[in-house]
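First to last, the protein sequences are chains E and A. Residue numbers for the first sequence follow the working numbering, so the first one is 1 and each next one is one higher. Residue numbers for the second sequence follow the working numbering, so the first one is 1001 and each next one is one higher.
2 protein chains.
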Amino acid sequence: MAWDLDNDRPIYAQLIERIQMQIVSGQYEPGERLPSVRELAAVAAVNPNTMQKAFAELERNGLVITQRTNGRTVTADAERIQKLRNELAQERVNAFLVEMKELGFDADEALELLRKSEREKTVE
Amino acid sequence: MAWDLDNDRPIYAQLIERIQMQIVSGQYEPGERLPSVRELAAVAAVNPNTMQKAFAELERNGLVITQRTNGRTVTADAERIQKLRNELAQERVNAFLVEMKELGFDADEALELLRKSEREKTVE
DNA sequence: CCTGTTGTATTGTCTACATAATACAATAAT
DNA sequence: ATTATTGTATTATGTAGACAATACAACAGG
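Spelled out as structure tokens, the structure:
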């Protein structure tokens, strides 16, 4: 199943975000072996070069470790992963509040919309 | 003051979003005359062609009206603008919940983070 | 009538991104 | 030792986006 990629943003950037997400959400455990570049490229239906570019960035950030001829693993530093997860969450929260403010909703109104949306979803 | 544009997404797309935002948030009133392409391009510090492309899209969506040689105005249809505002807000709310879920936070936890972020801001 | 401003179109150039097609060195597996 | 798999690098090609530099027709304002 090819990954659901937006074509309004660089693919490699979306790959980075997606893999990062899979790591911080625990889909890949700390220290777990990752699929090879070619393998993941095939799964995501992108060019291996593009996947390679994404991994290079993830490695620069220290989130994945590369063993030259034996694939890659997620960093074993679970604390680091948790920290990243919290940072990402905080970013989303702040971005959301800014966007809603731009739309003319203050924090209370934004909260109210969220509760409403939640209620409607739990009904489904 | 050049607009704050991300270089990780097409500029014209960001211009569309920004102008749309200025309209639905009331910075431009319904029926109000908009700055010329060249003028806004200069303000935003982008190429006039790029601004033109953004306006063409906004016109296709019916949000702005073009008078061939006398500039553009915001649509006078205030109801349409309000509807768009609500749609955009709903989109943001849903996107936020999805993102937080991907990060492993359920709706209640997301709400809690939002409240916390709000409290910290009001303290400042 | 003239001039400046309007939206709009065109042509060329540059860059970033993505793909395709290979290639190579290192090493795990056999 | 051989083979397959790993990450990595290279070269070429195509496309989208952004910019620069003009150009033109339509019209508002003088």
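Ideal Cβ placement from N, Cα and C applies to all residues, glycine included. All figures in this text were calculated on a predicted structure; none of them were measured in a lab.
Check: Would you decide whether Thr75/E is buried or exposed? Buried here means 16 or more other CB atoms lie within 10 Å of its CB.; Outcome: buried
Check: Looking at the C-beta of Glu1102/A, does it have a partner C-beta in chain E at a distance below 9 Å?; Outcome: yes
Check: At least one CB of chain A closer than 9 Å to the CB of Phe55/E: is that the case?; Outcome: no
Check: Indicate whether the contact test is met: 3 or more Cβ pairs, each with one atom in the stretch 23-30 of chain E and one in the stretch 61-80 of chain E, closer than 8 Å.; Outcome: yes
Check: Please go through the same chain and pick out, in chain order, the residues whose beta-carbon is closer than 8 Å to the beta-carbon of Ala45/E, but skip the five residues on each side of it.; Outcome: Ala2, Trp3
Check: My assumption, with CB atoms under 8 Å, is that Met51/E sits in contact with Val64/E. Please give the rounded CB distance.; Outcome: Contact flag wrong, Cβ pair sits at about 12 Å.
Check: Got a sec? Which residues, its chain only, sit under 6 Å from Met1100/A by beta carbon, not counting five neighbours each side?; Outcome: Ala1110
Check: By the criterion of Cβ-Cβ separation under 9 Å, what are the contact partners of Leu97/E in chain A?; Outcome: Leu1114, Ser1117, Glu1118, Lys1121
Check: Alpha helix (DSSP H) containing Arg1080/A: first to last residue?; Outcome: 1078-1102
Check: Examine chain A for any beta-carbon lying closer than 9 Å to the beta-carbon of Asn94/E, and answer yes or no.; Outcome: yes
Check: Output, in sequence order along the chain, the residues in the stretch 1021-1037 of chain A whose CB is closer than 8 Å to any CB in chain E.; Outcome: Met1021, Val1024, Ser1025, Gly1026
Check: Going by the CB atoms, is the gap between Leu58/E and Gln14/E shorter than 9 Å?; Outcome: no
Check: Starting from the beta carbon of Asp1008/A, find every residue of chain E whose beta carbon is closer than 8 Å, and list them in chain order.; Outcome: Arg9, Pro10, Ala13
Check: What first and last residue would you give for the alpha helix (DSSP H) that runs through Arg60/E?; Outcome: 48-60
Check: Could you tell me the boundaries of the beta strand (DSSP E) in which Arg1072/A lies?; Outcome: 1072-1074
Check: What residues from chain A crowd round Arg85/E, counting only those whose CB sits closer than 8 Å?; Outcome: Leu1103, Gly1104
Check: Decide if Val24/E is buried, meaning its Cβ has at least 16 other Cβ atoms within 10 Å, or exposed.; Outcome: buried
Check: Identify, in the order they occur along the chain, each residue of the same chain with its Cβ nearer than 8 Å to the Cβ of Ile164/E, setting aside the five sequence neighbours on each side.; Outcome: Here chain E comprises residues numbered 1 to 124, so residue 164/E is not present and cannot be evaluated.
Check: Run through chain A and tell me which residues come within less than 9 Å of Leu58/E, C-beta to C-beta.; Outcome: Under the 9 Å cutoff, chain A gives no residues; its nearest Cβ is about 16 Å from Leu58/E.
Check: To which residues of the same chain is Thr66/E closer than 8 Å at the C-beta, ignoring the five residues directly before and after it?; Outcome: Phe55, Glu59, Arg72
Check: Give me the chain A residues within the contact set of Ala107/E, using Cβ-Cβ distance strictly less than 9 Å, ordered along the chain.; Outcome: Leu1114, Arg1115, Ser1117, Glu1118, Lys1121, Thr1122
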